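What follows is one structure encoded as structure tokens, with my remarks underneath.
Residue numbers (my numbering): 44 to 225.
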């Protein structure tokens, strides 16, 4: 989970989700390049080209193929008409599990303004509504209190700590795990 904002109510009407599209490659690339230092402590190391328009186009193509197969739901976070982040439900498992993993990030320019809180709320609505999932899980770095607050404001409960859970910023790091059920 990357950094997230404070939940100010004034942003609610101005923050929306929509399915990611190939046209989002250029704005996502600009956002990632512009916020490289801001996002770096919260992100895995990426291959060369990830932050380019071509890299984002390839990622979006992959996410949309996984979406068509029912395994991923990639959303663009839009605030005041501008793409400011991404919220993605990954590892969707059907059958008796009906579960997925939530990940998201927002631009530094909107961090602390409630955009992440509202984006997560809308992601949860989609997950438990139209997608019919029963459970969402999310993880944050131990030190990422802002994202932990976003999850807690959205009804997620802390379920434990996963040691050496993800390789973030070049090293295996512990994460606090959260879940929410429908």
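Each residue gets a CB set at the ideal place from its N, CA and C atoms; glycine is no exception. Keep in mind it's a predicted model, so treat the numbers as computed, not measured.
### DSSP three-state assignment for residue 161, whether helix, strand or coil
The answer is helix: DSSP assigns residue 161 an H, G or I state.
### Task
Could you name each continuous beta strand (DSSP E) segment of 3 residues or more that falls completely within the segment 98-168, going from the start of the chain to the end?
Secondary structure within the segment 98-168: the beta strand (DSSP E) runs of 3 or more consecutive residues, fully enclosed, are 116-122, 125-136 and 142-149 (chain order).
### Query
Taking all protein chains shown into account, do 16 or more other C-beta atoms lie within 10 angstroms of the C-beta of residue 122, making it buried, or fewer, making it exposed?
So residue 122 counts as buried.
### Query
With 16 as the cutoff for other CB atoms within 10 Å, does residue 71 come out buried or exposed?
Label assigned to residue 71: buried.
### Query
If you draw a straight line from the alpha carbon of residue 78 to that of residue 89, how long is it in whole angstroms?
Distance between the alpha carbons of residue 78 and residue 89: 14 Å.
### Task
Could you tell me which residues DSSP puts in a beta bridge with residue 59?
Beta-bridge pairing links residue 59 to 121.
### Query
Taking the alpha-carbon positions, what's the residue 92 to residue 188 distance?
Approximately 30 Å, taken between the alpha carbons.
### Query
Can you tell me whether residue 46 is buried or exposed, with buried defined as 16 or more other CB within 10 angstroms of its CB?
Because residue 46 sits at a pLDDT of 49, beneath the cut-off of 50, its placement in the model cannot be relied upon, and the point is left open.
### Message
Which same chain residues end up closer than 7 Å to residue 69 when comparing Cβ atoms and leaving out the 5 residues on each side of it in sequence?
### Response
Same-chain partners within the cutoff: 96.
### Task
For the beta strand (DSSP E) holding residue 207, just list the boundary residues, first then last.
Its beta strand (DSSP E) spans residues 200-211.
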